[in-house]
Amino acid sequence: MIDLTKNRSQFNKYTLKKTLSTELLLEDHLSDLIALEKFSGDVGKLKKKLVEILWCRECVTNHALELLGFCSEAITGGCPNRPAWEELSITADEIYEFFEPLKRIEQYTKPVFEKARQFNFSIRAIRKKLENRSPARLEYIGVKSGDNGNEYIR
């Protein structure tokens, strides 16, 4: 077992890997919601489609809270690229505060979908900053090498 408090490199890799995977999950949930924007004027159809894709507001808020925790650890633990971690912390907090009160289907109007799109764009942009500017960034296996969708740490 590795003591992450004593091994900064391993701490950075662990925190980055957990953060990037959570960001990808959040992006996926937001993308699923955004894809249903065309049903925003019809509560019945929207509800049916949300059930079909198993979309869950709680997943969005939980992933936002997870990101807040990872950001706190990264900032206090001295992970590289502090500005990106701070930006992610602010964005994750905004996502949580925005989606937490949206508990009824009727609340999912066009402005909610637009805000989800903005959040999705922001999360992706921050993820790219973390991937590209961190020494512990993730590499992805290329399709030609038999990509199975799993990432690994360099």
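Per numbering that gives the first Met the number 0, the very first residue in the sequence shown carries number 0; after that it's consecutive.
Glycine included, each C-beta is placed from N, C-alpha and C at the ideal position.
Assign residue i to one of three DSSP states: helix, strand, or coil.
{"i": "F10", "result": "helix"}
{"i": "R116", "result": "helix"}
{"i": "E154", "result": "Lying before the first or after the last residue shown, residue 154 is absent from the chain, which here runs from 0 to 153."}
{"i": "K44", "result": "helix"}
{"i": "T108", "result": "coil"}
{"i": "A34", "result": "coil"}
{"i": "S144", "result": "Since pLDDT at S144 reaches only 44, below the 50 mark, its modelled position is unreliable, and the value read off the structure follows with that caveat. DSSP places S144 in helix when its eight states are reduced to three."}
{"i": "C70", "result": "helix"}
For residue i, collect the residues of the same chain with a Cβ closer than 6 Å to its Cβ; drop the 5 residues on either side in sequence, then sort them by chain order.
{"i": "E86", "result": "I125"}
{"i": "I94", "result": "A63, F118"}
{"i": "T90", "result": "S121"}
{"i": "K17", "result": "F69"}
{"i": "C55", "result": "none"}
Grab me the residues of residue i's own chain with a C-beta within less than 8 Å of its C-beta, minus the 5 sequence neighbours each way, in chain order.
{"i": "T14", "result": "F69, E72, A73, G76, C78"}
{"i": "L53", "result": "none"}
Could you check how far apart the C-beta atoms of residue i and residue j are, in whole angstroms? I think they sit under 8 Å.
{"i": "T21", "j": "E51", "result": "Not quite, the Cβ-Cβ distance comes to about 24 Å (not below 8 Å), so this is no contact."}
{"i": "L67", "j": "D92", "result": "6 Å"}
{"i": "A83", "j": "L129", "result": "5 Å"}
Who are the near neighbours of residue i in its chain, counting only those whose CB is closer than 7 Å to its CB and skipping five residues on each side?
{"i": "T198", "result": "With the chain covering only 0 through 153, there is no way to say anything about residue 198."}
{"i": "L35", "result": "L45, K48, L49"}
Specify whether the segment 43-55 and the segment 114-125 touch according to this definition: at least 3 beta carbon pairs, one from each stretch, less than 8 Å apart.
-> Remark: fewer than three beta-carbon pairs, one from each stretch, lie closer than 8 Å, so the segment 43-55 and the segment 114-125 are not flagged as touching.
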